[in-house]
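J.:
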Amino acid sequence: MDKFYEYTFGFHQHGLVASDRWLRISGWLVLLCACAALLSAWLRLRSLSRTPAGPAPSNPAARVAVLALFASVGTTLVSIWNRGVEVNHFPAQNMSEVLVVFGFAMLVAIAVLHFVMKLRESGQGWAIADDVLLALVAGSTLLVNYESEHLPNAQRDLPPALQSYWFSPHLVALIFSYASLGIAGLICAVYFSMRFWLGVFRGGRSLWSQFLVFGLLWLVPFTQLVTIPVFLVTGLCLSLARRKLPAADAFKSIERTMEQVSYRAFAVGIPFLTAGLFMGAFWAQEAWANYWGWDSKENTALVTWLVYIAYLHVRMLGGYRGEKAMAVLLGGALSVFTTFQLFGYMPDTQKNSLHKYTDFSLPAREGQQGQARVGGDEQAMVTPSQR
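Note that the working numbering has the sequence shown beginning at 3, numbered continuously upward.
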């Protein structure tokens, strides 16, 4: 028991600093949140036929899940604060630190959406959906924290290019937008998974369309860590509730509400994504006299923003609803994943990107814009006779 306690909370014998100890405590709280949310969903599912219409009653497991969620938000914030003290700057210089901030943003986003959407006031069925969504986000955060602990996180000073007051607000805005938009993508994955399994259990659905859209997620590297559990958990829940499933018209109402929920998550994230891009441009102008340097991260972030603008356009002006709108929103989630995760392993990123934080064997560099500015200054200093 003593060894378990020491490993769990990270005594100094294991060489863990304060930020790592608090992150481990947060991990156990997130695990408690996920388990309690799943238990709450199971209890609600068992009493679904006996529950009267109206707001869903609370249960002890649901209260534990919400308390664990807020406790994990607090402990993760303390971990980030301690990490900032340890490295003497905002802790978002390498992928390990960025993942911790991303996990914190996911917890904050789901906490905000939990109270803004108020799904539990819409009935017992929506309370089950709220519990499952909370469990999925908590599980995803747990995987993110686990991955962050297994990445290099050596303490390094910020390179001169990053020593700016734009550093923390630019990163916080983008990471929070990725978290909110990622939750919207998670709802889309549940949406298409539900349509697929309903077609399996009841027939009459376009199985090929659902399989094609969701199958594309299986082909994108590393997304299987999220999509496969979502696919299997959704199928398991619908399989257990096969005898109590509502009529087809009721599921149409559920699908419409899921689309509205995903749109609200999108509405939370898109202003932060836009603000993050603008702050990055202003920062680049101040540092290198160039608003846009065609950095690989900048390009992928711009593509992501354009995909979401296209989603907003087709939804507001094109009248896209249901499967079409959710497919476009799911494409935005794939673009977010590419921007946030995969771009760091692209050859151009490893060589020249200002946003490189995946290779610790190389010293920090200022990227294409910094190199262009330095090269231009050096060339300008050459006298005509030297030329």
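Glycine included, each C-beta is placed from N, C-alpha and C at the ideal position.
The structure presented is a predicted model; accordingly, all values stated were derived computationally and were not measured.
Chain C beta carbons: is any one of them nearer than 8 Å to that of tyrosine 313?
T.: Annotation note: the requested chain C is absent from the structure, which comprises a single protein chain.
J.: Smallest Cα separation from glycine 184: which of Ser21, Phe339, Trp24, Asp22?
T.: To locate residue 184, count along the sequence shown from 1; it is residue 182. Closest option to glycine 184, Cα to Cα, is Phe339.
J.: If I measure Cβ to Cβ from tyrosine 322 and keep anything under 6 Å in the same chain, skipping five residues before and after, which residues do I get?
T.: Locating residue 322 in the sequence shown gives position 320, counting from the first residue. So the qualifying residues of the chain are Val316.
J.: Answer yes or no: do serine 195 and phenylalanine 233 have a C-beta to C-beta separation smaller than 8 Å?
T.: Indexing the sequence shown from 1 puts residue 195 at position 193. Indexing the sequence shown from 1 puts residue 233 at position 231. In contact: serine 195 and phenylalanine 233 (Cβ atoms closer than 8 Å).
J.: Can you give me the C-alpha to C-alpha distance between leucine 109 and tryptophan 30, rounded to a whole angstrom?
T.: What you label residue 109 is simply residue 107 of the sequence shown in a count that begins at 1. What you label residue 30 is simply residue 28 of the sequence shown in a count that begins at 1. So the alpha carbons of these two residues sit roughly 14 Å apart.
J.: Straight-line CA distance for valine 19 to leucine 138?
T.: By one-based count along the sequence shown, residue 19 stands at place 17. By one-based count along the sequence shown, residue 138 stands at place 136. Whole-angstrom Cα-Cα distance: 29 Å.
J.: Do alanine 175 and alanine 94 have their C-beta atoms within less than 8 Å of each other?
T.: Within the sequence shown, residue 175 is the residue found at index 173, counting from 1. Within the sequence shown, residue 94 is the residue found at index 92, counting from 1. Taking 8 Å as the Cβ cut-off, alanine 175 and alanine 94 do not qualify as a contacting pair.
J.: Quick one: give me the first and last residue of the alpha helix (DSSP H) that tyrosine 313 is part of.
T.: Here residue 313 refers to the residue found at position 311 when the sequence shown is read from its first residue. It spans 298-318 - the alpha helix (DSSP H) in which tyrosine 313 sits, taken as one unbroken run.
J.: So tryptophan 294 and glutamate 300 are in contact, right, with Cβ under 8 Å, and what is the actual spacing, rounded?
T.: By 1-based counting over the sequence shown, the position of residue 294 is 292. By 1-based counting over the sequence shown, the position of residue 300 is 298. Yes, they are in contact, since the Cβ atoms of tryptophan 294 and glutamate 300 sit about 7 Å apart, within 8 Å.
J.: So is leucine 25 buried or exposed if we call it buried at 16+ other beta carbons inside 10 Å?
T.: What you label residue 25 is simply residue 23 of the sequence shown in a count that begins at 1. Label assigned to leucine 25: buried.
J.: What residue range is occupied by the uninterrupted alpha helix (DSSP H) comprising glutamine 29?
T.: Translated into the one-based positions of the sequence shown, residue 29 becomes position 27. Note that residue 29 is glycine in the sequence shown here, rather than glutamine. Unbroken alpha helix (DSSP H) run through glycine 29: 20-48.
J.: Assign tyrosine 148 to one of two classes, buried (16 or more other C-beta atoms within 10 Å of its C-beta) or exposed (fewer than that).
T.: Working through the sequence shown from its first residue, we reach residue 148 at position 146. Classification of tyrosine 148: exposed, given that the 10 Å Cβ count is below 16.
J.: Between which two residues does the alpha helix (DSSP H) containing asparagine 84 stretch?
T.: Position 82 of the sequence shown, counting from 1, holds the residue named residue 84. First-last of the alpha helix (DSSP H) with asparagine 84: 62-89.
J.: Which of the three DSSP states, helix, strand or coil, is assigned to lysine 254?
T.: Position 252 of the sequence shown, counted from the start, is the residue given in the question as residue 254. Correct three-state label for lysine 254: helix.
J.: Specify the secondary structure class of phenylalanine 92 as computed by DSSP and reduced to three states.
T.: Translated into the one-based positions of the sequence shown, residue 92 becomes position 90. DSSP places phenylalanine 92 in coil when its eight states are reduced to three.
J.: Per DSSP, what kind of secondary structure is alanine 267 in: helix, strand or coil?
T.: By 1-based counting over the sequence shown, the position of residue 267 is 265. Note: alanine 267 maps to helix in three-state DSSP.
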